[in-house]
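Numbering (the working numbering), first residue to last: 31 to 352.
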Amino acid sequence: MRPFLIDTDAGSDDAVAIVMALRQPDVDVRAITTVAGNVPLGQALQNALYFVEFCAADVPVYAGADRPLLREFVSADWFHGADGLGDWGDRYVPRRTKAAPGHAVDAIIDLARATSDLTIVTLGPLTNLALALRKAPDIVERVDRCVIMGGAACTNGNVTPAAEYNIWCDPEAAQIVFRSGLPIEMVGWEFSQGPFVLSLADIEALRGLGSPFADFAIDSNIKGMRGYEVQTGEIGISLPDGVAMAVAINPSICGRSSQHALDVECDSELTRGMTVVDKLDVAADERNQSVWRAALGARRKPSICWNLDAARWKAMLFRLLG
């Protein structure tokens, strides 16, 4: 069993990713931590509790940061709905499951220190993880993998021309995380477009599974489907968090990756939240220096996913929702 900690802002694509992890036989989700992002913190906490209850899982869910480190909080409810799950009223409200005591930041630190082979999967703004790294920098050496759904590597963003929402929402937190030396695997927003989107035929096939998990995945993303069409002109369900979770579960779904120094723009409003990938290793960055690499290892540069197997991602999704 592989121990996972999932940090989430619990919107509609997060729902699919978390159901995937909870239903993957060799993944042991040890904790879910929530952060303000797609929706305010209270709603994110309620949604995450519902996901756990829906899957009949025994996983503690912790409340975390209710705002970015320095910025005014801006949600993505225009895309996901006020409840983050498509505005279904009380349909997705937990009936029995309660939040675990304590703060998400402490839960991250405690689990990282107690678990030598921990995989952290982040599906929202990186505020909780940044606060944990500030408080306990020693956890960098304790984490085996840190899979981040966020950023846009050398391509356009989805909230501005330069930035993807999770990074744009709290760029200072993202900068701390990407500079930290964690073994990061970045799966950018670009893998939720084109062949990675669930087409109308895919949606019909999922419905045909007759599974409550498949129905939940579709129903909770219907509003997001409309938002994605407005945003891109493409018809289908875009699941960036589901794609990132697929890579967390099976790294080989990322067909090509490479390690590079990466920084996040925090000073410019035009390019706020841009993930600047040093693809040619030309930056005057200590991570490009041989002495630094010898001391901490090449893996300390974030690994950027450049190519992803869309067919294998969808096959995994169908298996886990069936």
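Positions of the beta carbon are idealized from the N, C-alpha and C atoms, including for glycine.
(request) Leaving out five residues on either side along the sequence, give the residues of the same chain with a beta carbon under 8 angstroms from the beta carbon of Asp58. (result) Residue numbering aside, residue 58 sits at position 28 when the sequence shown is read from its first letter. Hits under 8 angstroms: Met31, Arg32, Pro33, Phe34.
(request) Reducing DSSP to helix, strand and coil, say where Arg32 ends up. (result) Position 2 of the sequence shown holds residue 32. Arg32: strand per DSSP, three-state reduction.
(message) Using a 10 Å radius around the Cβ and a threshold of 16 neighbouring Cβ atoms, would you call Ser222 buried or exposed?
(response) Along the sequence shown, one-based indexing puts residue 222 at 192. By the C-beta density criterion, Ser222 is buried, having at least 16 other C-beta atoms within 10 angstroms.
(message) Three Cβ pairs or more, each shorter than 8 angstroms: is that satisfied between the stretch 248 to 255 and the stretch 200 to 217?
(response) Touching, no.
(request) Check Met304 in the structure and name its three-state DSSP category. (result) Stepping through the sequence shown from its first residue, residue 304 is reached at position 274. Of the three classes helix, strand and coil, the one that applies to Met304 here is coil, per DSSP.
(message) When you compare the CB positions of Ala432 and Trp343, do they come within less than 8 angstroms of one another, or not?
(response) For residue 432 there is no data in the structure shown, the boundaries of the chain being 31 and 352.
(message) Taking its Cβ as the centre, do 16 or more other Cβ atoms sit within 10 Å of Gly352, making it buried, or is it exposed?
(response) Counting from one through the sequence shown, the residue named residue 352 turns up at place 322. Gly352 sits exposed, since fewer than 16 C-beta atoms from the chains shown fall within 10 Å of its C-beta.
(message) Tell me the rounded alpha-carbon separation between Tyr195 and Ala313.
(response) For this step, residue 195 is matched to residue 165 along the sequence shown. For this step, residue 313 is matched to residue 283 along the sequence shown. For the pair Tyr195 and Ala313, the Cα-to-Cα distance works out to about 25 angstroms.
(request) Indicate whether His133 and Tyr92 have their beta-carbon atoms separated by less than 8 angstroms. (result) Here residue 133 is taken as the residue at index 103 of the sequence shown, counted from 1. Here residue 92 is taken as the residue at index 62 of the sequence shown, counted from 1. At the C-beta level, His133 and Tyr92 come within 8 angstroms of one another.
(request) Using a threshold of 8 angstroms, state whether the C-beta atoms of Trp336 and Ser298 are closer than that. (result) Sequence index remark: in the sequence shown, residue 336 carries index 306 (1-based). Sequence index remark: in the sequence shown, residue 298 carries index 268 (1-based). The answer is no: Cβ separation not under 8 angstroms.
(request) Take the Cβ of Val260 as the centre, count every other Cβ of all protein chains shown within 10 Å, and call the residue buried at 16 or more, exposed below. (result) If you number the sequence shown from 1, residue 260 lands on position 230. Taking a 10 Å sphere around the C-beta of Val260, we find fewer than 16 other C-beta atoms and assign the residue as exposed.
(request) Between the Cα of Glu102 and those of Cys85, Asp293, Asp200, Ile178, spot the shortest distance and give me the residue it belongs to. (result) Counting from 1 along the sequence shown, the entry for residue 102 is found at position 72. In terms of Cα proximity to Glu102, the closest of Cys85, Asp293, Asp200, Ile178 is Asp200.
(request) Look at the alpha carbon of Ala107 and the alpha carbon of Glu316, and state the distance between them as a whole number of angstroms. (result) For this step, residue 107 is matched to residue 77 along the sequence shown. For this step, residue 316 is matched to residue 286 along the sequence shown. The sequence shown places Asp at residue 107, rather than the Ala named in the question. So the two alpha carbons sit approximately 39 angstroms from each other.
(message) Leu141 and Ala204 - do their beta-carbons sit closer together than 8 angstroms?
(response) Locating residue 204 in the sequence shown gives position 174, where the first residue counts as 1. Locating residue 141 in the sequence shown gives position 111, where the first residue counts as 1. Using a Cβ distance threshold of 8 angstroms, Ala204 and Leu141 do not count as a contacting pair.
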